[in-house]
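The structure appears right after this line, and notes come after that.
Residue numbers (the working numbering): 2 to 154.
As structure tokens, this is what we get:
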């Protein structure tokens, strides 16, 4: 069994690209992480095919699904679990959404992927554009260039 090294931990904690984070569609005080960026980070650090993700239904209401999500990385003796939920009316998308919700929670809480998002340090909101205007006082306006005189001859 391998141990997660300090170099691996540093790679796990690297900031996610801006496009990985977006404002939550309904809870405006929260941000979401696109799960594909989490999967990519796990693949980059631990290797493609080195981990498994399982979802076990816990609650299946008329409008929502709650899943117990388990992430295992056997070569590093890693076991993580969290609960994810989703209320998508398409049941297949709801199951998938609940599992990816759980994955991003495990990733942040136990592997520190996207930890800055969960700390509220990155929101996914675009910063307002900065407009750089320069103001030239009237007295400093440039005068049109004077016509040059040609030598006669």
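For every residue, glycine included, the Cβ atom is placed at its ideal position computed from N, Cα and C.
> Helix, strand or coil: which one does DSSP assign to residue 33?
Replying inline: Numbered from 1 along the chain shown, position 32 holds the residue referred to as residue 33. In the structure shown, residue 33 sits in a strand (DSSP, three-state: E or B).
> Using the C-alpha atoms, what's the distance from residue 105 back to residue 36?
Replying inline: Within the chain shown, residue 36 is the residue found at index 35, counting from 1. Within the chain shown, residue 105 is the residue found at index 104, counting from 1. Rounded to whole angstroms, residue 36 to residue 105 spans 6 Å at the Cα level.
>> Per DSSP, what are the beta-bridge partners of residue 73 in this structure?
In response: Translated into positions along the chain shown, residue 73 becomes position 72. Under DSSP, residue 73 takes part in a beta bridge, and its partners are 53, 80.
> To the nearest angstrom, how far is it from the Cα of residue 19 to the Cα of residue 60?
Replying inline: Position 18 of the chain shown holds residue 19. Position 59 of the chain shown holds residue 60. Rounded to the nearest whole angstrom, the CA to CA distance from residue 19 to residue 60 is 33 Å.
> What residues are listed by DSSP as bridge partners for residue 19?
Replying inline: Translated into positions along the chain shown, residue 19 becomes position 18. Secondary-structure assignment with DSSP links residue 19 through no beta bridge to anything.
> When the Cα of residue 120 is compared with those of 16, 49, 9, which residue comes out closest?
Replying inline: As a working note, residue 120 is residue 119 in the chain shown. Per the Cα distances, 16.
> Going by other Cβ atoms of all chains shown within 10 Å of its Cβ, with 16 needed for buried, is residue 7 buried or exposed?
Replying inline: Taking the first residue of the chain shown as position 1, residue 7 is located at position 6. Here residue 7 is exposed, its C-beta having fewer than 16 other C-beta atoms within 10 Å.
> Are the CB atoms of residue 85 and residue 102 nearer to each other than 9 Å?
Replying inline: Along the chain shown, read from residue 1 onward, the residue named residue 85 stands at position 84. Along the chain shown, read from residue 1 onward, the residue named residue 102 stands at position 101. Less than 9 Å separates the beta-carbon of residue 85 from that of residue 102.
> Going by the beta-carbon positions, is the gap between residue 72 and residue 42 smaller than 9 Å?
Replying inline: Taking the chain shown and counting its residues from 1, one reaches residue 72 at position 71. Taking the chain shown and counting its residues from 1, one reaches residue 42 at position 41. Between residue 72 and residue 42, the C-beta spacing is not below 9 Å.
> With C-beta atoms as the reference, is residue 82 less than 9 Å away from residue 10?
Replying inline: Start at 1 with the first residue of the chain shown, and residue 82 comes out as number 81. Start at 1 with the first residue of the chain shown, and residue 10 comes out as number 9. Contact flag unset, no.
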